[in-house]
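So for the sequence shown, our numbering puts the first residue at 12; every next one is plus one.
Glycine included, each C-beta is placed from N, C-alpha and C at the ideal position.
The model shown is predicted, which means the values in this text are computed figures rather than measured ones.
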Amino acid sequence: MDWTEKYRPSTLSEVRGNNKARDALKEWADTWENHREAVVLHGTPGVGKTSAAHALANDMGWPTIELNASDSRTKDVIEQVAGEAAKSGTLTAGGAGRRLVVMDEADNIHGNADRGGARAVASLVKEANQPMILIANEYYEMSNSLRNNCQDIEFSAVQKRSIVPVLRDLCRKEGVEYTDAVIEDIAEQNSGDLRGAIKDLQATAEGRDRIEADDYVSGERDTSEGIFEYLDIVLKEGSAEEALKASYDVDETPDDLINWIEDNMPKDYEGAELATAYEFLSNADRWLGRVRATQNYSFWRYAGDNMTAGVAAARDGTKGGWTRYGPPSYWSKLGRSKGTRQTRDYVAQQIAAVDGVSMRTARREIMPFLATMTHHCTNRELTVAMAATYEMEAEHVAFVTGSGEDTNKVQSIVEDAERLQEEAAVEHSGGAFAGGSAGGAEASADDEAEDGDGDDDSQATLGGVSAEGEEGETEEDDEVPDSEAADEDDQQSGLSDFM
12 MDWTEKYRPS TLSEVRGNNK ARDALKEWAD TWENHREAVV LHGTPGVGKT
62 SAAHALANDM GWPTIELNAS DSRTKDVIEQ VAGEAAKSGT LTAGGAGRRL
112 VVMDEADNIH GNADRGGARA VASLVKEANQ PMILIANEYY EMSNSLRNNC
162 QDIEFSAVQK RSIVPVLRDL CRKEGVEYTD AVIEDIAEQN SGDLRGAIKD
212 LQATAEGRDR IEADDYVSGE RDTSEGIFEY LDIVLKEGSA EEALKASYDV
262 DETPDDLINW IEDNMPKDYE GAELATAYEF LSNADRWLGR VRATQNYSFW
312 RYAGDNMTAG VAAARDGTKG GWTRYGPPSY WSKLGRSKGT RQTRDYVAQQ
362 IAAVDGVSMR TARREIMPFL ATMTHHCTNR ELTVAMAATY EMEAEHVAFV
412 TGSGEDTNKV QSIVEDAERL QEEAAVEHSG GAFAGGSAGG AEASADDEAE
462 DGDGDDDSQA TLGGVSAEGE EGETEEDDEV PDSEAADEDD QQSGLSDFM
């Protein structure tokens, strides 16, 4: 049995390494009747967020209803499964008739399978009559509307000094003798990730009555490999196998590592080897897209194989000399401040979710088109439709259009977009934010659009669905061939109507 489940904390007092967050969560529960707000537990994976939620439920005597990433979290599922429990005021189970609704991976509600789910959750937290806990790894990947309607509690990385006693206690419970060295090594390698440390301990102790430092293979890993040293290995010196193994020690996610390799590869590669290397990077990007679409992180291994071993194998022999490597160029172009990256990533994620493309495609191909078409909000109707479709708030509209976030123009666009979201039935919009024909940007209404009076009945159609929530009909544009207007399959980017 998995030790992380076998020894999951049953009460909050057993949660280790996040005393401040643990106390804040208990206070939230004790005072819930006064504020009646949902709470977001956020922090890196493995720090005890989910365990703390279930431990709290045990302490409070609240039965739990859980909706996790393995479920199909569509609008209907969320409203039927979690919504009924959260809104019900007649439940008698648990203390004071309460039930705790727990939604894990609340930052990953996107993609076709979750269409409409994010908006359903945002609505749910506003109306819930039962305590509700949302759990997220990336707090700022959640929508602003959702964050603004929840309290938040951050769980920090669990320090080594808090992991060591937990590992020792598990060894005693399992009857496994140990040396201080192996416990220290496991805690060191997993510093910040208590769950990972427990899994490593179980793997090391499997089939043994006593464990020592030599039994823990991962304890010998060198995690100090820098990105520039690694680029030398993959682009100049290492074999395919060496490049793959060295990537395990680089402190970069696959999404970032592929950008480092892509941007610096042309500095060393040329001709046929460069073309072959790009084919491997293309394959890697497809696998990363599957990870984002399915949340199945086992696909990372295939992405890693292609972007490391594949790129190294494409090289024609070894290369000498010194190369001036640098970070991906688009980082500096889009701004490297934390706030700017968060805004950029939110917009890219919304585009990726609605249009069914990768984050990389959203950032590099779609966002520039959106910026050009909505520059300074000159095409107001199109800007409103964009903001509605991608659930943008003022900071996101300002980022894409280049307008000031606090200007009356941007604020009025956001207000109209929110009204359009409420009125439009967008569940089957397919990601097209301006209508189902090449003339969709002008298909808001017939006569009212010419008046410019801004009435509600002149709103732009959203993905072929009218503002009243029924299927909208647009007149044929004589300048557009029928074959193009009727092409319902070309919905990848949502921009085909304007190309």
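- Taking the Cα of E434 as reference, the smallest distance to any Cα among T400, D211 and H386 is reached at T400.
- Annotated as proximal: T22 and D70, with beta-carbon spacing under 9 Å.
- When beta bridges are read from the DSSP output, A49 appears opposite C161.
- If the five residues before and after Y18 are omitted, its C-beta is found closer than 8 Å to the C-beta atoms of L181, K184 and I209, all from its own chain and listed in chain order.
- Rounded to the nearest angstrom, the gap between the Cα atoms of N29 and E199 is 18 Å.
- With contacts defined as CB atoms closer than 9 Å, E188 and D211 fail to qualify as a contacting pair.
- Pairwise C-beta distances place the stretch 278-287 out of contact with the stretch 249-268, as fewer than three of them are shorter than 8 Å.
- The secondary-structure analysis by DSSP pairs V112 across a beta bridge with I76 and M143.
- DSSP places G203 in the strand class (E or B) of the three-state scheme.
- In this structure the stretch 312-319 lies against the stretch 292-300, because at least three pairs of beta carbons, one per stretch, are closer than 8 Å.
- Taken atom to atom, the span from the alpha-carbon of N159 to that of R27 is near 28 Å.
- Under the three-state reduction of DSSP, R27 is assigned to coil, being neither helix nor strand.
- Note that the C-beta distance between F410 and V358 is below 9 Å.
- Counting only residues of its own chain and dropping the five nearest sequence neighbours on each side, E402 has a CB closer than 8 Å to the CB of A129, R130, S154, S156, Q361 and Q432.
- A buried status is given to T215, since no fewer than 16 other beta-carbon atoms sit within 10 Å of its beta-carbon.
- Our two residues, D41 and S62, have alpha carbons roughly 18 Å apart in a direct line.
- By the neighbour-count definition (other C-beta atoms within 10 Å, threshold 16), Y308 is an exposed residue.
- Rounded to whole angstroms, the Cβ separation of E406 and T354 is 6 Å, and the two are in contact under 8 Å.
- Where K278 is concerned, there is no enclosing alpha helix (DSSP H), because DSSP gives it neither an H nor an E.
- Measuring C-alpha to C-alpha distances from H53 to each of C161, V136 and E44 identifies C161 as the nearest.
- Non-local C-beta neighbours of I269 in its own chain, meaning closer than 6 Å and more than five positions away in sequence, comprise A295 and M318, ordered along the chain.
- Per DSSP, H407 is one residue of the alpha helix (DSSP H) stretching across A405 to T412.
- From the listed residues A251, V322 and Y227, the smallest Cα separation to E273 is found for V322.
- CA-CA distance, T334 to T351, rounds to 30 Å.
- Straight-line spacing of the CA atoms in S173 and W39 works out to 24 Å.
- Around the CB of R110, 16 or more other CB atoms lie within 10 Å, so the residue is classed as buried.
- Exclusion of the five residues before and after A320 leaves A251, E252, A254 and L255 as the residues of its chain whose Cβ lies within less than 8 Å of its Cβ.
- Under the three-state reduction of DSSP output, R183 falls in the helix class.
- Judged by pairs of C-beta atoms under 8 Å, the stretch 413-429 touches the stretch 388-400, as three or more such pairs exist.
- When secondary structure is reduced to three states using DSSP, V169 falls in the strand class.
- Judged by DSSP secondary structure, M153 falls outside any alpha helix (DSSP H); it is assigned neither H nor E.
- About 16 Å separates the beta carbon of V58 from that of V175, a gap too long to meet the 8 Å contact definition.
- Judged by their CB atoms, L67 and K31 are not nearer to each other than the 9 Å cut-off.
- The C-beta of S24 has fewer than 16 other C-beta atoms within 10 Å across all chains shown, which makes the residue exposed.
- Annotation: D115 to L78 spans about 7 Å, alpha carbon to alpha carbon.
- Here V51 is actually not in contact with Y151; their C-beta atoms are around 11 Å apart, not less than 8 Å.
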